[in-house]
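S.K.: Residue numbers (this note's numbering), protein chains in the order written: chain A, 15 to 347; chain B, 26 to 336; chain C, 26 to 324. The C-beta atom is built at its ideal place from N, Cα and C for all residues, glycine as well. Can you keep this structure in mind? I'll have questions shortly.
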Amino acid sequence: MNSENNAPLLQLKNVHVIYKTDAETVYAVNGIDIELDYGETLGLVGETGAGKTTTALSILRLLPDRIGKVTEGEILLKGTNLLELPENEMREDIRGKRISMIFQDPMTSLNPTMTVGEQIYEALHYHNSEDKSAEELQQRVDETLELVGIPARRKNEFPHQFSGGMKQRVVIAMALACQPELLLADEPTTALDVTIQAQVLAMMGELQRNLKTAMILITHDLGVVAQICDKVAVMYAGEIIEKGTVEDIFTEGDHHPYTVGLFGSIPDLEETGTRLHPINGLMPDPTNLPKGCKFSPRCPRCMEICKEKEPAVRLKGTHSIACHLFSDAEKEG
Amino acid sequence: MLKYVGKRFLALIPIALGIALIIFSIMELTPGDPARLILGPDATAEAVEQYREEKGLNDPFFTRFFNYVYNAVTKLDFGVSYRTQKPVYNEIFSRLPTSLKLAMVSMAFAVLIGIPLGVYSAMHQYSFLDQILRVVSMFFIAVPPFWYAMILMLIFALNLHWLPTSGSSKWSCFVLPMLTLGMPYGGKFLRITRSTMLEVIRQDYITTAKAKGVPQRVITRKHALKNALLPVITTVATSFGGLLGGAIITESVFNMNGLGSLIVLSIKLKDTPTVMAAVILLAIIFSLLMLIVDLVYAFIDPRIKAKYAKT
Amino acid sequence: MGKKDSTYEAYAKERRENRRKSRRDFFHRLAKNKGAVVGMVMIIILILVAIFADVIAPWDSVVKQNALIRLQAPSAEHWFGTDTYGRDVFARVIHGSRISLLIGVGSAAFCLIVGGFFGAATAYFGGRFDDIVMRFMDMVMAIPATLLALSIVAALGTNMVNLVLAISISYTPRFVRLVRSAVLPQVGMDYVEAAKAAGSGNLRIIFKDIIPNAIGPIIVETTQSLSNMILEASGLSYIGMGVQPPNPEWGAMLSEAREVMRTYPYLITIPGIFIIITALSFNLFGDGLRDAIDPRLKT
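Now the structure itself:
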């Protein structure tokens, strides 16, 4: 799939998302920028509550109805601002067709009262722009199931008849049925057994390569990131505090103190299965964010300026860090 | 699957016996001598004693119970009414259709009103109509049906003359009783449908369906409702009991010729055989209805269906 | 007593602390729920009215018949008018609250004690005892509540005590089930094992720790059932199977007014409203309790 125009596949520009209830306003995403091209995989890393899921949901405009709002910024799919599209176009063209999303828990992502075949068929049926017949669509259902390693004859079974790993495969099949350009995967393997995790990930990687689907993989497992991601973005308190290619992030050198904390010690690209080392303290209250750098309360290298001013982003090639420690380095060249 | 259904029906038998035993025991406590009641106050002591011997009234409790059950099951002989001196069976079975009609129609009304409104309420949470529906359904649960019946009678029958106040001959006679009996349950079904729907639409698979680009209408129907309906059906099943009970009072209010009013009449006149037979019969019918709904539920929920398809 | 109980005491103490905290949160949530507060206020008013009924309206006016002033519409002298026998409706309604509350409280007490006992016992002891009791309960539950109550009243006679008994028996199986399901998860817990190992008697465990932890849903069910019990009682009295005249039970009053309701509608609207308010208050309060105990269940 080659881009016709020069715009990258996905661009998020200064996106801000809030959740507003009568009681309080939660500042979930506070100005992030993301760029992704065809076939690329971006690993979105961070602790729970950093805003990763919110980011994914806002791309598809699936934020909770009256509560979630994108207050600023643009989300561009090949140059078209998704935030300005009418709802029915989102539904017909984008969701499930050009952009798909899969969620963390396969146990609850599938409708227990519909067969897996029906659920995959549904995705095809509502995006049937080529007016294929029912038989053709059913064939496609079979194909998709086989692609994820499930025999097509099982399509009339119900979700509870499948194991966790197989359920997640069904979910993936459902997401890839219409061959989307972008897949949003929210911790797809977290709820699975370790052994199954590896299988499912490998399968996802392969499918992705074959279909040239771009992917945003939300995870807190650095091993997974090292395994299949091309780019990495580290999120904290609704901001991207460091981003770059997977080499940028995993190689020794300048890194945001938070990233350092996450890694424990920065691992080699060859090493896999690294767990996150918890950092002291908790993420700031999203209804009451601190002034200046949001990581300052927990940062072991916090300076006076960090508590006052928000750090500027230092860009070195593909590697960018939002930290006062490195903004000055820029001046030094 | 058929085996499972058969097993459930067979299981009804001990339940029916249990019900009969409980009612029979309760009726044992009634003061008074049945023989004396039938023969009248003028009969001699010897005649009474002779009658007792003949009818086995001096036999021990369980013997009498088993005889009763045996007669009932094999010969449909439920004894003789103290009031009419005729077999109880006749009157009961002639009145049964009216009660069943009333119960069915009221339940249908409650379901057809309660469930769709409950779905609407859930999908349009916090809307004006939702608030109203919530208040109204809460109100109807607290309203005593017989009072509400009288108000309805007052307005529609006595003042507007649209509907009759009593009898069970024409279909119009069933309208007010149906509203009386159905509204509280309509309210109840509205509330439970609303709360299960609200729970269901928070589930992950709903978000998944949205992410697939499925239209909202279809999501409400195929994904949400299908899953929400299951607990609602359970509530409907368990409501049958209350409905049958409420029917008794409704029949009294509207002077209908049903089993319920027969029971009340018989109690007032101390006609124990009729009371016993009618109550046992209604209770068994109730158990039967519950079983049917249970089976329907099992058929609909694929998880349960799969479990029993193998038995 | 000292050393032997130490593990048990430690566990028990921790649980009591947790309970104290959740109790504070609970009262906080309850106070915020408008419906619950309204319900509670109404219930308190009702109780006060019932207790001071004699002061508010002397029993005389309740039973004294006076054909001369019969069927008078509400006026300054008779706030709610007079009924078919010339009795003061206001006085009757006030005393009726006493009857309804007595029946409700009586039935609820019976259900709690008997149902609570069997529910806790079956959960705690399990085994054959559990099977037999639950089977029996299933059978009783297979008989619709009103029918069962009617049968009991039919056999024993129509007076207030029998009415309470009849209603209680109809509702008891529900309580047994509820208590049993509330107690069952507690039974397997560590602190119970610890207590047993320390030699605590079964009864002590049940009363001191299991029941306080399980009490939430039980209280909710009780308040909600109270509303139904009162409705049930008035329904039975309406058809003449409950409280007998001249007792001023609200349902019975409605029944008496039936003949004349067309021309004297106040005779049915007023007692009816009282029944509704009573049932509604208990319902609102019960709902509020349930929401306060587990906010996740809130709709």
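Tell me whether Leu91 of chain A sits in a helix, a strand or coil according to DSSP, three-state version.
M.R.: As a working mapping, residue 91 of chain A is identified with position 77 in the first sequence. Note: Leu91 of chain A maps to strand in three-state DSSP.
S.K.: What does Arg287 of chain C reach in chain B if we use C-beta pairs closer than 7 angstroms?
M.R.: Residue mapping note: residue 287 of chain C aligns to position 262 of the third sequence, counting from 1. Chain B residues near Arg287 of chain C: Leu179, Leu183.
S.K.: Out of A:Asn95, A:Glu86, A:Ala64, which one is the CA nearest neighbour of Pro22 of chain A?
M.R.: By one-based count along the first sequence, residue 22 of chain A stands at place 8. Here the closest residue by C-alpha is A:Asn95.
S.K.: With a cut-off of 8 angstroms on the beta carbons, I'd call Leu46 of chain B and Phe103 of chain B a contact; round off their distance for me.
M.R.: Sequence index remark: in the second sequence, residue 46 of chain B carries index 21 (1-based). Sequence index remark: in the second sequence, residue 103 of chain B carries index 78 (1-based). Their Cβ separation, rounded to whole angstroms, is 15 angstroms, which puts Leu46 of chain B and Phe103 of chain B out of contact at 8 angstroms.
S.K.: Count the other CB atoms within 10 Å of the CB of Ala302 of chain B; is the residue buried (16 or more) or exposed (fewer)?
M.R.: In the second sequence, the residue the question calls residue 302 of chain B occupies position 277. Classification of Ala302 of chain B: buried, given that the 10 Å Cβ count is 16 or more.
S.K.: Any beta-carbon of chain B closer than 7 angstroms to the one on Ile94 of chain C?
M.R.: For this step, residue 94 of chain C is matched to residue 69 along the third sequence. Among the residues facing chain B, Ile94 of chain C is not included, as its CB has no counterpart in that chain under 7 angstroms away.
S.K.: Could you please give me the residues that DSSP links to Lys257 of chain A through a beta bridge?
M.R.: Here residue 257 of chain A refers to the residue found at position 243 of the first sequence. Answer is A:Ala247, A:Ser334, bridged to Lys257 of chain A.
S.K.: Which residue comes first and which comes last in the alpha helix (DSSP H) that contains Glu318 of chain A?
M.R.: On the first sequence, position 304 is the one that residue 318 of chain A refers to. Segment 318 to 322, the alpha helix (DSSP H) holding Glu318 of chain A.
S.K.: Can you tell me the Cβ-Cβ gap for Ile274 of chain B and Pro122 of chain B, rounded? I've got them flagged as a contact below 8 angstroms.
M.R.: One-based indexing of the second sequence puts residue 274 of chain B at position 249. One-based indexing of the second sequence puts residue 122 of chain B at position 97. Not really, about 19 angstroms apart at Cβ, beyond 8 angstroms.
S.K.: Give, in chain order, every residue of the stretch 272 to 286 of chain B whose Cβ lies closer than 8 angstroms to some Cβ of chain A.
M.R.: none
S.K.: Name the two residues that bound the continuous alpha helix (DSSP H) containing Glu149 of chain A.
M.R.: Start at 1 with the first residue of the first sequence, and residue 149 of chain A comes out as number 135. Glu149 of chain A -> alpha helix (DSSP H) spans 148 to 161.
S.K.: Name the chain B residues whose beta carbon is nearer than 7 angstroms to that of Gly265 of chain C?
M.R.: As a working note, residue 265 of chain C is residue 240 in the third sequence. Ordered by position in chain B, the residues that pass the 7 angstroms Cβ test against Gly265 of chain C are Lys293.
S.K.: Looking only at its chain, what residues have a beta carbon closer than 7 angstroms to the beta carbon of Glu54 of chain A, apart from the 5 residues adjacent to it on each side?
M.R.: As a working mapping, residue 54 of chain A is identified with position 40 in the first sequence. Result list for Glu54 of chain A: Ala228, Asp244, Lys245, in chain order.
S.K.: Using a Cβ-Cβ cut-off of 8 angstroms (strictly less than) and excluding sequence neighbours within five positions of Thr99 of chain B, which residues of its own chain qualify?
M.R.: The sequence position of residue 99 of chain B within the second sequence is 74, counting from 1. Nothing meets the Cβ criterion.
S.K.: To which residues of the same chain is Arg95 of chain C closer than 8 angstroms at the C-beta, ignoring the five residues directly before and after it?
M.R.: Reading the third sequence from its first residue, position 70 is the one you call residue 95 of chain C. Correct list, in chain order: Thr107, Asp108, Thr109, Tyr110, Gly111.
S.K.: Report the CB separation of Ala65 of chain A from Ala42 of chain A in whole angstroms; it is logged as a contact under 8 angstroms.
M.R.: Taking the first residue of the first sequence as position 1, residue 65 of chain A is located at position 51. Taking the first residue of the first sequence as position 1, residue 42 of chain A is located at position 28. What sits at residue 65 of chain A in the sequence shown is Gly, not Ala. About 5 angstroms; that satisfies the 8 angstroms criterion.
S.K.: Closest Cβ-Cβ distance between Pro112 of chain B and chain C: below 7 angstroms?
M.R.: Here residue 112 of chain B is taken as the residue at index 87 of the second sequence, counted from 1. No, because no Cβ of chain C sits closer than 7 angstroms to the Cβ of Pro112 of chain B.
S.K.: If you compare alpha carbons, which of C:Glu218, C:Ala277, C:Asn253, C:Asp215 is closest to Leu305 of chain C?
M.R.: Here residue 305 of chain C is taken as the residue at index 280 of the third sequence, counted from 1. Among C:Glu218, C:Ala277, C:Asn253, C:Asp215, the Cα nearest to that of Leu305 of chain C is on C:Asn253.
S.K.: Identify the contact partners of Tyr230 of chain B in chain A, using a Cβ-Cβ distance below 8 angstroms as the criterion.
M.R.: Reading the second sequence from its first residue, position 205 is the one you call residue 230 of chain B. Chain A residues near Tyr230 of chain B: Thr122, Ser123, Leu124, Asn125, Pro126.
S.K.: Terminal residues of the continuous alpha helix (DSSP H) containing Gly31 of chain B?
M.R.: The sequence position of residue 31 of chain B within the second sequence is 6, counting from 1. For Gly31 of chain B, the enclosing alpha helix (DSSP H) begins and ends at 27 to 53.
S.K.: Can you find a heavy atom of the ligand PLP that lies under 6 angstroms from the Cβ of Ala189 of chain A?
M.R.: This structure does not include the ligand PLP; it has no bound ligands of any sort.
S.K.: Measure from the alpha carbon of Val114 of chain C to the alpha carbon of each residue in C:Asp85, C:Leu126, C:Ala134, C:Ile138, then state which is nearest.
M.R.: The residue you call residue 114 of chain C lines up with position 89 of the third sequence. Among C:Asp85, C:Leu126, C:Ala134, C:Ile138, the Cα nearest to that of Val114 of chain C belongs to C:Asp85.
S.K.: DSSP on Gln25 of chain A, reduced to helix/strand/coil?
M.R.: For this step, residue 25 of chain A is matched to residue 11 along the first sequence. Strand at Gln25 of chain A.
S.K.: Which residues, in order along the stretch 156 to 179 of chain C, keep a beta-carbon less than 9 angstroms from a beta-carbon of chain B?
M.R.: Arg160, Phe161, Asp163, Met164, Val165, Met166, Ala167, Ile168, Pro169, Ala170, Thr171, Leu172, Leu173, Ala174, Leu175, Ser176, Ile177, Val178, Ala179
S.K.: Would Phe307 of chain C and Leu251 of chain C be called neighbours here (beta carbons separated by less than 7 angstroms)?
M.R.: Start at 1 with the first residue of the third sequence, and residue 307 of chain C comes out as number 282. Start at 1 with the first residue of the third sequence, and residue 251 of chain C comes out as number 226. The answer is yes: Cβ separation under 7 angstroms.
S.K.: On the CB-based measure, 16 or more other CB atoms within 10 Å of its CB, does Glu310 of chain C come out buried or exposed?
M.R.: Within the third sequence, numbered from 1, the residue matching residue 310 of chain C stands at position 285. The sequence shown places Phe at residue 310 of chain C, rather than the Glu named in the question. Counting Cβ neighbours within 10 Å, Phe310 of chain C comes out buried, since at least 16 surround it.
S.K.: On the DSSP letters alone, give me the boundaries of the beta strand (DSSP E) that Asp47 of chain A sits inside.
M.R.: Here residue 47 of chain A corresponds to residue number 33 of the first sequence, with the count starting at 1. Run containing Asp47 of chain A: 39 to 50, per the beta strand (DSSP E) assignment.
S.K.: Report the rounded CA-to-CA distance for Gly433 of chain A versus Asp200 of chain A, giving the unit in angstroms.
M.R.: The question about residue 433 of chain A has no answer, for chain A in this structure spans 15 to 347.
S.K.: Interface residues of chain C around Ser124 of chain B at Cβ under 9 angstroms?
M.R.: Indexing the second sequence from 1 puts residue 124 of chain B at position 99. Ordered by position in chain C, no residue passes the 9 angstroms Cβ test against Ser124 of chain B, which lies about 12 angstroms from the chain.
S.K.: Can you say whether Ser286 of chain B is buried or exposed, counting buried as having 16 or more other CB atoms within 10 angstroms of its CB?
M.R.: Within the second sequence, numbered from 1, the residue matching residue 286 of chain B stands at position 261. Burial check for Ser286 of chain B: the Cβ neighbour count within 10 Å reaches 16 or more, so the residue is buried.
S.K.: So for Ile280 of chain A, helix, strand or coil by DSSP?
M.R.: The residue labelled residue 280 of chain A in the question sits at position 266 within the first sequence. With a pLDDT of 45 at Ile280 of chain A, under the threshold of 50, the modelled position of that residue is not reliable, and no figure is offered here.
S.K.: By Cβ distance below 6 angstroms, which residues in the same chain neighbour Thr260 of chain B in space, the five residues on each side in sequence not counted?
M.R.: As a working mapping, residue 260 of chain B is identified with position 235 in the second sequence. Cβ within range, chain order: Ile217.
S.K.: Applying the 10 Å Cβ sphere with the 16-neighbour rule, what's the burial state of Val238 of chain A?
M.R.: Against the first sequence, residue 238 of chain A aligns to sequence position 224. Val238 of chain A should be labelled buried.
S.K.: Closer than 7 angstroms, Cβ to any Cβ of chain B: which residues of the stretch 182 to 211 of chain C, in chain order?
M.R.: none
S.K.: Which same chain residues, not among the five before or five after Ala72 of chain B, have their C-beta less than 7 angstroms away from its C-beta?
M.R.: What you label residue 72 of chain B is simply residue 47 of the second sequence in a count that begins at 1. Correct list, in chain order: Leu64.
S.K.: Tell me whether Gly213 of chain C is buried or exposed, calling it buried when 16 or more other Cβ atoms sit within 10 Å of its Cβ.
M.R.: One-based indexing of the third sequence puts residue 213 of chain C at position 188. Within 10 angstroms of the beta-carbon of Gly213 of chain C lie fewer than 16 other beta-carbons, which makes it exposed.
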